[in-house]
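Asks: Pasting a structure below so you can have a look.
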Amino acid sequence: MRRRGCVLLGVIGLAVLAGCSGRTTGASRIIQRPDGSYSAKLNGVGSCHLGSRSTPCTAYMRWRVVRTKAWTKGPSIKVRREVSNVRWSQTARGLSPKAKYEYQACGKEFSLKRVICVGPRGFNTQTFVTIKGLSS
Numbered sequence: 003m004r005r006r007g008c009v010l011l012g013v014i015g016l017a018v019l020a021g022c023s024g025r026t027t028g029a030s031r032i033i034q035r036p037d038g039s040y041s042a043k044l045n046g047v048g049s050c051h052l053g054s055r056s057t058p059c060t061a062y063m064r065w066r067v068v069r070t071k072a073w074t075k076g077p078s079i080k081v082r083r084e085v086s087n088v089r090w091s092q093t094a095r096g097l098s099p100k101a102k103y104e105y106q107a108c109g110k111e112f113s114l115k116r117v118i119c120v121g122p123r124g125f126n127t128q129t130f131v132t133i134k135g136l137s138s
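For the sequence shown, my numbering begins at 3 and goes up steadily by one.
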């Protein structure tokens, strides 16, 4: 998926990526925490075609309960080199039990003025439910 203004992201091991293309690939490791809340690993794949030390790409995941307005934003990551189709993830914490969530991968290359967020097929969202052991 290639977009005119470019889109997003990634992570290399514990490092990162972002840039000109990307998509979500589903949630995994949905677990109940000791305090009763849930966490979920939000997965994606992305490329950063113009990332460099002086002009890094940036990316993050965002999530919310379906049919609500407010997004929770994960930590921003910076990609300081070119990468292609790299798998990456961020963990969403403090999720409510038995709730349906949606998430997107967001990012931009240094030359863009705004962040672009995408789901598995363009500008949509990927969904998951916080039930112990369930992955989408």
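Here a beta-carbon is modelled for each residue, glycine too, at the ideal position from N, C-alpha and C. Given the structure is predicted, the values throughout are model-derived calculations rather than measurements.
1. Enumerated in chain order, which unbroken segments of the alpha helix (DSSP H) with a length of 4 residues or greater are wholly contained in the region 92-135?
2. How close, in whole Å, do the beta carbons of P99 and Y40 come, if the pair is a contact with beta carbons under 8 Å?
3. Between the region 25-41 and the region 94-113, do at least 3 Cβ pairs fall closer than 8 Å?
4. Using only alpha-carbon positions, find the residue among R66, W65 and S49 that is nearest to P58.
5. What residue from V85, A42 and N126 has the CA that sits closest to T60's CA?
6. For R123, which residues in the same chain have their Cβ closer than 6 Å to its Cβ, ignoring the five residues on either side in sequence?
7. Suppose you measure from the CA of T127 to the CA of V88; what does that come to, to the nearest Å?
8. What number of angstroms, rounded off, separates the C-alpha of T27 from the C-alpha of A101?
9. Which of the three DSSP states, helix, strand or coil, is assigned to L10?
10. Can you tell me where the beta strand (DSSP E) holding G24 begins and where it ends?
11. Taking S91 as the reference, give the member of Y103, G121, R31 and G46 with the closest Cα.
Replies: On the basis of the data shown:
1. List check, alpha helix (DSSP H) in window: nothing returned.
2. By 1-based counting over the sequence shown, the position of residue 99 is 97. By 1-based counting over the sequence shown, the position of residue 40 is 38. Correct: roughly 6 Å between the Cβ atoms.
3. Yes: the two stretches touch, three or more of their Cβ pairs being nearer than 8 Å.
4. Residue numbering aside, residue 58 sits at position 56 when the sequence shown is read from its first letter. The option with the nearest alpha carbon to P58 is S49.
5. Translated into positions along the sequence shown, residue 60 becomes position 58. Nearest C-alpha to T60: V85.
6. The residue you call residue 123 lines up with position 121 of the sequence shown. Taking R123 as the centre and dropping the five residues before and after it, the same chain places no C-beta closer than 6 Å to its C-beta.
7. In the sequence shown, residue 127 corresponds to position 125, counting from 1. In the sequence shown, residue 88 corresponds to position 86, counting from 1. Distance between the alpha carbons of T127 and V88: 20 Å.
8. Position 25 of the sequence shown, counted from the first residue, corresponds to residue 27. Position 99 of the sequence shown, counted from the first residue, corresponds to residue 101. Approximately 19 Å, taken between the alpha carbons.
9. As a first step, residue 10 must be located in the sequence shown, where it is residue number 8. In this predicted model, L10 has a pLDDT of only 33, less than 50, meaning its place in the structure is not dependable enough to derive any value.
10. Counted from its first residue, the sequence shown places residue 24 at position 22. Unbroken beta strand (DSSP E) run through G24: S23 to Q34.
11. In the sequence shown, counting from the first residue as 1, residue 91 sits at position 89. Of the listed residues, the one whose Cα sits closest to S91 is G46.
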